[in-house]
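Below: the structure, in structure tokens.
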Amino acid sequence: MKLYAEAGRDVTEDLVQHIIHGEGGHLVERFIEFRFGRELRAWEIKVKWFGLDGLEASWEPARIMLEDQPGLVKKFIEEHQTDTLVQKMAQALNIRGAEQVAGRRQGRARRP
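Sequence positions in the sequence shown follow full-length UniProt numbering and run 1 to 112.
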């Protein structure tokens, strides 16, 4: 769903939020951080949800986020390519390119 508002239609932020939550889901605004969750023994990503307060950010399984938001997960990994733990998460999730990113960090050239 692409969000937009036209001034002449009196679309308020509250109405947009009602529509989003009425559809039974939340939209990812951004990923905040990551961790290896001891409880689930799996990688998790802390998600800031669109329209919700930052205090309502939640830890979500990285594998589920990869299924739902593959572009955002890959972008997050790319933006944190110097972090070895992020690279371990990428490899655990079988995200192609994780090895190349790690290789670039170590000064190796990417294969064409």
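No residue lacks a Cβ here, since even glycine has one placed at the ideal position from N, Cα and C.
In this structure, the straight-line span from the alpha carbon of I45 to that of L85 is close to 12 Å.
Apart from sequence neighbours up to five positions away, the residues of its chain that approach F36 with a beta-carbon distance below 7 Å are W43, ordered along the chain.
In this structure, A90 lies near I77, with their beta-carbon atoms less than 7 Å apart. Around the beta carbon of L66, a 10 Å sphere encloses 16 or more other beta carbons of the protein chains shown; the residue is thus reported as buried. Scanning the UniProt domain "Chromo" (26 to 88) for uninterrupted alpha helix (DSSP H) segments of 4 residues or longer gives 62 to 68, 70 to 79, listed from N- to C-terminal end. In its own chain, leaving out the 5 sequence neighbours on each side, no residue places its CB closer than 8 Å to the CB of R96.
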